[in-house]
Every structure is written in structure tokens, then in C-alpha cells.
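Heads up: take any position in the sequence shown, counting from 1, add 26, and you land on this note's numbering.
Notes to accompany the following structure.
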Amino acid sequence: VLRGESLSWVSGEFAVTHNVYVGTSFEDVDAATEPTVADIAANSFVPGLLDYGQTYYWRVDEVNGTPDKTVFKGDVWSFTAEPYSIQIPGSTIAVTASSASNEFSEPGKTLDGSGLDANDMHSINPDTMWFTAAVDLDPWIQYEFDEVKKLDVMKVWNSNGSAESAIGWGVKDVQVEYSVDGEAWEVLGEASQFSRAPGLPIYSQYDAVAFSGTAAKYVRFNIQSNWGGILMAYGLSEVQFSMIPVRARTPEPASGTVDVLPNAVVTWRAGREAAQHKITVSTDPNDLGSTVSSSTNSVDLSSLDLQLDQTYYWRVDEVNESEVPPVWAGSLWSLSTVPYVTVEDFETYGNFSPDRPFQTWLDGFGYSADEVISVGYGGNGTGSGVGHDIWSLSSPQYDGQIMEGSIVKSGQLSMPLYFNNTNGLAVSETKRTFDSPQDWTANGIKSLSLSIYGDPGNSGQLYVKINDTRINYDGLSDALQRRQWIPWNIDLSGAAGNLQNVTSLAIGVEGAGATGMIYVDAIRLYALMPDMINPVVPDDSDPNLFAYYAFEGNANDSAGANHGTTNGDPGYTTGKVGQTMTFDGTDDYVLLTFDQEEVWSAYAVSLWSRTDIFGQVQFRSVFNNSSSDPDFQIDVDGSDPGVYRYWGTQAGAELGPVTSDWVHLAASCDGTETKIYYNGLWVDTLDAVDSNFGRLGIGTNRGTNQPFAGSIDDVRVYNRSLSNAEIAGLAGLTEPIPVSF
Numbered sequence: 027v028l029r030g031e032s033l034s035w036v037s038g039e040f041a042v043t044h045n046v047y048v049g050t051s052f053e054d055v056d057a058a059t060e061p062t063v064a065d066i067a068a069n070s071f072v073p074g075l076l077d078y079g080q081t082y083y084w085r086v087d088e089v090n091g092t093p094d095k096t097v098f099k100g101d102v103w104s105f106t107a108e109p110y111s112i113q114i115p116g117s118t119i120a121v122t123a124s125s126a127s128n129e130f131s132e133p134g135k136t137l138d139g140s141g142l143d144a145n146d147m148h149s150i151n152p153d154t155m156w157f158t159a160a161v162d163l164d165p166w167i168q169y170e171f172d173e174v175k176k177l178d179v180m181k182v183w184n185s186n187g188s189a190e191s192a193i194g195w196g197v198k199d200v201q202v203e204y205s206v207d208g209e210a211w212e213v214l215g216e217a218s219q220f221s222r223a224p225g226l227p228i229y230s231q232y233d234a235v236a237f238s239g240t241a242a243k244y245v246r247f248n249i250q251s252n253w254g255g256i257l258m259a260y261g262l263s264e265v266q267f268s269m270i271p272v273r274a275r276t277p278e279p280a281s282g283t284v285d286v287l288p289n290a291v292v293t294w295r296a297g298r299e300a301a302q303h304k305i306t307v308s309t310d311p312n313d314l315g316s317t318v319s320s321s322t323n324s325v326d327l328s329s330l331d332l333q334l335d336q337t338y339y340w341r342v343d344e345v346n347e348s349e350v351p352p353v354w355a356g357s358l359w360s361l362s363t364v365p366y367v368t369v370e371d372f373e374t375y376g377n378f379s380p381d382r383p384f385q386t387w388l389d390g391f392g393y394s395a396d397e398v399i400s401v402g403y404g405g406n407g408t409g410s411g412v413g414h415d416i417w418s419l420s421s422p423q424y425d426g427q428i429m430e431g432s433i434v435k436s437g438q439l440s441m442p443l444y445f446n447n448t449n450g451l452a453v454s455e456t457k458r459t460f461d462s463p464q465d466w467t468a469n470g471i472k473s474l475s476l477s478i479y480g481d482p483g484n485s486g487q488l489y490v491k492i493n494d495t496r497i498n499y500d501g502l503s504d505a506l507q508r509r510q511w512i513p514w515n516i517d518l519s520g521a522a523g524n525l526q527n528v529t530s531l532a533i534g535v536e537g538a539g540a541t542g543m544i545y546v547d548a549i550r551l552y553a554l555m556p557d558m559i560n561p562v563v564p565d566d567s568d569p570n571l572f573a574y575y576a577f578e579g580n581a582n583d584s585a586g587a588n589h590g591t592t593n594g595d596p597g598y599t600t601g602k603v604g605q606t607m608t609f610d611g612t613d614d615y616v617l618l619t620f621d622q623e624e625v626w627s628a629y630a631v632s633l634w635s636r637t638d639i640f641g642q643v644q645f646r647s648v649f650n651n652s653s654s655d656p657d658f659q660i661d662v663d664g665s666d667p668g669v670y671r672y673w674g675t676q677a678g679a680e681l682g683p684v685t686s687d688w689v690h691l692a693a694s695c696d697g698t699e700t701k702i703y704y705n706g707l708w709v710d711t712l713d714a715v716d717s718n719f720g721r722l723g724i725g726t727n728r729g730t731n732q733p734f735a736g737s738i739d740d741v742r743v744y745n746r747s748l749s750n751a752e753i754a755g756l757a758g759l760t761e762p763i764p765v766s767f
């Protein structure tokens, strides 16, 4: 148990206060009637600065409330305080010696603990000890630590072979030296002779050599004689070192932790004897730059103005000018800050007060007082409604969930925002006022981002208000109509008002007569600038266009000779581009089977799909590339109406909803990761490379037993990756599209 640590317990059912007894004797604590501390309300207690290595006993008596205040005596528990010094693991120590008798008696045997049992008794097995060569005229053994240590005690078990009492290989007279750099050496005056081992398997009387806080990286034994005095050969069984932990250690969060908030408080275990802590933080591990000081073993990262989405290296140097040396440099640790700050993720809302979304995001309907909220809200006078209507019998969401749990950008929930600008209304708006002001300029923040999911029947002008200052959406012209997540990234550098003191955020739709519903999710702040992509259509003569199936009355390859073979009796009708092939969902599909399976270093697939048949069986596919791992297919998920998805050996993800409209589906792999797209917009990046191409299959899955029912058109397969701009172009987009963060 750490010195200064709090002791805690689970309170008795009826306890109001607690009496705590602490001592070093079981009997004394068990019999005590005068508490160490009495009548404490908390179920925890700090016993003060404990003695190193001391075993303590403690008892908690539970005291009931009035009128009787009955005391119930507790059991006696025990714990042991941390030791003054800690053993240095032998695995971290390098050892060299003047010689070794054979491969079984190398100097490393003195560190590996192979001859010691749990009671520190050493065996007589010679293979667990170090022996020099038969004749060693200048015997020595040297230990090197991974860094300078403040040594406390060295334990030495001498040579303990069965013939030790007769031969006497064990080291007798010895000079122990130490050094911080391996160049300048000092002689330790405490040791000049090691005790003789008995040559018995009960050997536990090691020599304890006091270093008393000496700083050293190297320790060397210059051996001058052995106990036998006959042979010029020497041996040792085991050597252990303990150190005083003067360096900072055990950082929290642990080194290498990612997604650390830039306003988090980091802590560490302070080094013994430290009076001050000097903390250095930098993005360059080789140049830690300036330092800050702390009198406690913690630092608030908000004082350092860390940037989002950065890896930082930090070190804590422990300082005590009255000690030698005065500074103990710490290890280099790292942490990575979060890529964004969440403003709202909608994960905490639900059906019951006070967690209903419209009790935070105020809308046009308002809410009534209830058993939790004593004062109701009459609404904001606009046509907005936050959350699904779960109370009206006529509502499709009746008796369901007020938040949306299926259509989400991230996490488990998104917020439905209904708007109805009729009956003389021109605006629908919901507004959240923050509990405390937010600083949207800290940590390198440059953008506000939110994700919007629309519906074809929507109309109107989308906007947000930051501190009541309005910013109109000026991205994709059909964003409100798209049934997919659209990122709206707002450059805050042009936003008016005091962004260091943001108190409210509103989302609204303006336009007389505008009605509909959008989903809102993932409102975040990024240290990135918004960017746009201009779509570009790849040329049909692209040499990496492996196959192009236009389905103009046949399954021929319009880019070359990789013609497909039809199965069943697929039909043709007016398509997205010219004609399209129709598939009956029974046995219609197209295959191009390769002579042998190929592994492609990069690839991309682009196609159009539509269907009037919803709720198709899971795995019915519009495209697949093989029948052996690692491969993939683009299929449906089996829900109703259904979701298109990328389904690979190594990863899978949803692309977007199955609809009766033409939708563009694409996947692009650069050999390291796979990006998937829906209607020209990026959806997700997968840590997957499903690169085995044994065939091209259109209208069926990898097993050719789940055929798709619907139409597929303009299938293009590339043996290179495509950019987002190229996929947007193939999806028919002409206006700039947002780059997703």
C-alpha cells in the first residue's frame, strides 16, 4: 500500500458513521476501545504517512444512527506499506565478466534467479551459478543498469556448490567499485569481504551491502581472493540490487495512451525525495523545449495549450537541490490528444425526464412540468420538434424510442429534428444553451462540424447559430434531400462574435412552407480547416480500367476483352446510363472467372444499383471479387428496407440505404486500407485489404447462392485505387463536395 494512500471499505447497511482503529499489532487493534478517528461520515480514511515496509492492522466499527447509535465491531484487516526500496529486475541489468568456465556458468546466472526459491534459499546446482575459467589471473564481474540508479542495498549469495566447503570457489576479498559513466570509478567502502556459503541447499544467509543512496550506473567486483585459496577460479551464485525510486514513474494516463483530452489532468508517481517537479512537453521527442514546474505530482494540460490530434512527448524531472544529484531525469512518455472535441454526441438522451432531448435542445413544442422538472417551457415559437413523436397513436414511432437508434453517424443515437414551417411560420429552430461557456478557440480549434442526414421530401435553408449569430449552409445543393450523412464543416475563423465564450448553439431550417425531418449527429470541434473536392470523371481510356460493363444489351467489357458470362436470363431496360441489366433474384448474374486467382495491389469498384424489392435476404450481392479469402462483396444486410454494405473477409461496414432510386456504390483500396462511398461521398475507411481476385461477379455473392433482385448499371473495375474526386465524378456529382474530417 502506498504511503499516504486512502483506506476505504463498503459501509454496513445501517451505518451512519464509522470508528477506525489503526496500529501495528493485531492484538492491540482487536482490543482497542479508543478509535484512531471516530464518527467519520465517509467510508474512507487516510492514516497518514506510513512507515516503509511496515505491516499495519486496522478495524472499522459501524455506528448506527440515533437514537441508539449502536456500534458494531468490525473484523481486523491488515496491509503492508510499500518498501523503502525496490528490487531492480535482473532482466534489465547487463553483466560482463573476466571469464566463464562454460556455457552453463555464464555471468548472467548471477541475475536470473535460477537457483533461488521463494524463501531466498539458493540451491547447490552449479548450473545456477557463475564460475570463472579454471585459471583467471584478473577476475572481475561488472553490472550495468539501463540508467543511473540511486542504489540502496546489494544482496550477494556466494558460490554454493556442493564442494564449496572443500574447494572454496566463493569470492572472499573483493573491491566493489561504482561509476555513473563507466569512466570515473569510486570504491564503495562498505564491502571488502563476502561471507562463505555452506555448500548446502539451505543457503539463505546472503551478504547485504549498503549503498545508502549512492548514484551509479555501473557496479564492478574486483575479486582479490577466494575462500579456498588453492585454485585460481572463482564463483558467485546470485546478486540482487535494490534502488530508491527517485525518478517519476507510472504516469496516468499510461505512456502511449491515445484520445487524451487537451484539458485532462495527468499525474505520476512522484520520485522519492522530490521537492519540485519539472515537466517538459513537446511534439518533438528530440527537443522537449521549455519546462513548467509543479509542486504536486500532477499538471493540468489545459495550462499547456495542447493542440488537438497531436502526439506529445513528456518527461518529469524530479528536483531536490539538497540531494546529490539534485535532478533525476525521468523517462520519456507519450500521449496523443483527441482528434476532436465533442460538443454534442446525443448519447445521453432518452424517453424519460429530465433526459428527453427537447428538455436540452429547446424546440417549438416545449415541455410540461413533471415530477423531475418543476417548471415547464412553452416552446420557442418556431415549427421545430426535437425527437420522434412516441406519444401520438397515429405516429409511426408510437411507444418507441424518442431518439434515433438505427440511422446514426457515430455512437448509438442521433437526434431527429422535425420542421414544419406552415401556418404562418417561416423558421424551425432548436437551441441548446450550455451549462458553462465553451472556448471554441483553444487547442488549435478551427472548425465546427456536424453531420446531417436528410430525406427526399425535405426543403428549406439549413443554418446554425453560434451565440445567436447565424451561419447558412452553403454546401451541396441537395444536402437536405440526401439519405446519407453529409458533413457540414464550418470555418470558425470567419464566424462573428466571441468564440472564447460560446454559450449557445442553434440548428434550424428556414423557408415558408418547408417541412420535413433531418437527423443530426456528431457535433464536434476540429483543428482542421474545411476543404472541398472538385469531382472529376476518370477517362474511359484509363489503362487501369480493368473492366467496364455498360450493359448496353450485353455483358461485354467496353474497356477491353474481359467480357462477362451471363447466368440465368437477365433482362435489359432503361438504366442510369443508357440501358441497364435487370436481375430476377433467382439465378441471374454475370461472371468473369479468371484463369487463376490473382492478388491485386490496389483496386476500385464503381457501380449503380436500384431495386423495388426491399427486405432482401442477407448477403444478396451486387458485386463480388472471388470465392476465397481475403475477398469481398457489396451486398444487402437483410433488414427491411435494407442497407447496402461492404462485406469483406477482414472488415465490413454499411454504405447506405437500399432505395428505389438509383444509388452509386463504390469501394477503393490502395493496398493499405479500403475506403467506401455512397452516392459519391466518403462513408468509412476500413483497415482491410481484401485483394484476392478470382473473378468478377455481378448480381450475386461470393458463393453464387444469394442473387440480387434489381438493376445494376455502369460497373467499372480498376486495378488501381480511385480518389474521392474520381468516385464523386463517377457518381454524377458536379458541384464541390466536402472533405470529411
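Where is the CB? At the ideal position from N, CA and C, for every residue including glycine.
Cβ-based neighbour list, residue i, same chain, cut-off 8 Å, excluding 5 preceding and 5 following
{"i": "T21", "result": "Given that the chain is displayed from residue 27 to residue 767, the structure contains no residue 21 and the question cannot be resolved."}
{"i": "G668", "result": "F640, G641, Q642, V662, P683, V684"}
{"i": "R246", "result": "W166, I167, Q168, Y169, V202, E203, Y204, S205, W211"}
{"i": "G239", "result": "K176, L177, D178, I270"}
{"i": "T495", "result": "A521, A522, G523"}
Distance, residue j Cα to residue i Cα
{"i": "A505", "j": "I753", "result": "18 Å"}
{"i": "F171", "j": "L177", "result": "11 Å"}
{"i": "N252", "j": "A241", "result": "28 Å"}
{"i": "P351", "j": "S140", "result": "35 Å"}
{"i": "V743", "j": "A630", "result": "6 Å"}
{"i": "D621", "j": "G594", "result": "22 Å"}
{"i": "M180", "j": "T136", "result": "12 Å"}
{"i": "G486", "j": "M543", "result": "11 Å"}
{"i": "A751", "j": "S477", "result": "20 Å"}
{"i": "G225", "j": "Y260", "result": "14 Å"}
{"i": "A553", "j": "S394", "result": "40 Å"}
{"i": "N582", "j": "G736", "result": "19 Å"}
{"i": "T591", "j": "Y615", "result": "8 Å"}
{"i": "S32", "j": "I119", "result": "34 Å"}
{"i": "T43", "j": "R29", "result": "25 Å"}
{"i": "D164", "j": "N312", "result": "42 Å"}
{"i": "A107", "j": "T283", "result": "29 Å"}
{"i": "N588", "j": "I492", "result": "55 Å"}
Three-way DSSP call (helix, strand, coil) for residue i in this model
{"i": "G315", "result": "coil"}
{"i": "P352", "result": "coil"}
{"i": "L633", "result": "strand"}
{"i": "V743", "result": "strand"}
{"i": "Q385", "result": "helix"}
{"i": "S328", "result": "helix"}
{"i": "A751", "result": "helix"}
{"i": "Q507", "result": "helix"}
{"i": "T118", "result": "helix"}
Residue from the options with nearest C-alpha to residue i
{"i": "G520", "options": "S477, W466, L712", "result": "W466"}
{"i": "A355", "options": "D381, T730, V434, R341", "result": "R341"}
{"i": "G215", "options": "E209, G225, Y204, S221", "result": "Y204"}
{"i": "P133", "options": "D199, T154, L330", "result": "T154"}
{"i": "F17", "options": "E430, Q333, V213, F445", "result": "No answer is possible for residue 17: the residues shown for the chain start at 27 and end at 767."}
{"i": "A300", "options": "E278, Y338, D343", "result": "D343"}
{"i": "V353", "options": "D87, R636, A192, V272", "result": "V272"}
{"i": "G450", "options": "G407, A468, D739", "result": "G407"}
{"i": "A693", "options": "G79, N145, S440, F658", "result": "F658"}
{"i": "D94", "options": "P73, F40, S131", "result": "F40"}
{"i": "A296", "options": "S308, A57, E278, D285", "result": "E278"}
Own chain residues within Cβ distance below 6 Å of residue i, not counting five before or after
{"i": "D389", "result": "S410, G411, V412, T456"}
{"i": "R19", "result": "Examination of residue 19 is not possible in this model, given that the chain is present from 27 through 767 alone."}
{"i": "G254", "result": "I193, G194"}
{"i": "D199", "result": "Q219, Q250, S251"}
Close beta carbons around residue i, own chain, < 7 Å, minus the five adjacent residues each side
{"i": "Q850", "result": "Residue 850 lies beyond the residue range present for the chain, which begins at 27 and ends at 767; the question has no answer from this structure."}
{"i": "L681", "result": "Y670, R671, Y672, L691, I702, Y704, V709"}
{"i": "S188", "result": "I150, G225"}
| query | Which ranges does the alpha helix (DSSP H) cover as unbroken runs of at least 4 residues, wholly within the region 79-115, from first to last along the chain? | reply | none
| field | Contiguous alpha helix (DSSP H) assignments of at least 4 residues, all confined to the region 160-200 | value | 190-193
| query | Fully enclosed by the region 537-609, which beta strand (DSSP E) runs are 3 residues long or longer? | reply | With a minimum length of 3 residues, the continuous beta strand (DSSP E) runs that stay inside the region 537-609 are 541-552, 571-575, 591-593, 597-600.
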